[in-house]
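Just so we're aligned, residue 945 is where the sequence shown starts under this note's numbering, counting upward by one.
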Amino acid sequence: MNAAELATSLETTSKIAAIVHLFKAEFPDARVDLKPWCNDDDTRRLVDPESLDIGFHLPGWSPRYECRSILVQTRLYGDEGGDGPVGLGRLLGLEIVGFSYEGEEWRLSTIASWHFLGRKQPVPEIQEKFKHFCRQVFTLYATPQENAA
């Protein structure tokens, strides 16, 4: 679901801003897009309501990234009480997908193996930056008890 649509509370908006900040710390040239999905019926049927989605666009296609646009899907599982905003739910993992004008080039999932899959992949240095970003998002969503462990 578009991050902009989930920004309905201070807590959720703060989480979205923190994710954007973490991404921009690793990839400062990226431009953020809080509404990566079109607002039409066909697209709405495909969008995961328990996913906080943010797009990022590089200034142009990059051989180091093997893409121009990046979709970050933060997969969430409800919230602690069951009534709160989706953006504050428990983090299941992240899906990061790199796109070029030809479509999807690569994908990284923290839900599975943390390996890059696809016909093209970013250089190892950039792969490590994406993985570092993912670890930071996990820290952001960790409960105080998990941080103390």
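Where a beta carbon is used, it is the ideal one built from N, C-alpha and C, also for glycine.
{"Item": "Would you mind stating whether Leu1015 and Phe971 have Cβ atoms separated by less than 9 Å?", "Value": "no"}
{"Item": "Suppose the cutoff is 8 Å on Cβ atoms and the five residues either side in sequence are ignored; what does the same chain contact list for Leu1036 look like?", "Value": "Arg1019, Leu1020, Tyr1021 and Ile1055"}
{"Item": "Pull up the distance between the alpha-carbon of Ile1040 and that of Leu1052, whole angstroms please.", "Value": "5 Å"}
{"Item": "For Trp1050, which of Asp977, Cys1011, Lys979 and Leu978 has the nearest alpha-carbon?", "Value": "Cys1011"}
{"Item": "Between which two residues does the alpha helix (DSSP H) containing Phe967 stretch?", "Value": "Leu954 to Glu970"}
{"Item": "Closer than 8 Å by C-beta to Leu954: which residues in its own chain qualify, once you throw out the five before and the five after it? Chain order, please.", "Value": "none"}
{"Item": "Leu1084 lies in the alpha helix (DSSP H); which residues open and close that run?", "Value": "Pro1068 to Tyr1085"}
{"Item": "Report yes if the CB atom of Leu1002 is closer than 9 Å to the CB atom of Arg975, and no otherwise.", "Value": "yes"}
{"Item": "Please name the residue, chosen from Cys1078, Glu1072, Lys1075 and Ser1013, that lies closest to Asp973 on a Cα-to-Cα basis.", "Value": "Ser1013"}
{"Item": "Is Glu949 helix, strand or coil when you go by DSSP?", "Value": "helix"}
{"Item": "Please report the straight-line C-alpha distance between Gln1080 and Lys1064, rounded to a whole angstrom.", "Value": "25 Å"}
{"Item": "Which residues in the same chain as Gly1062 place their Cβ atom closer than 6 Å to its Cβ, once the five residues preceding and following it in sequence are excluded?", "Value": "Glu1049, Trp1050 and Arg1051"}
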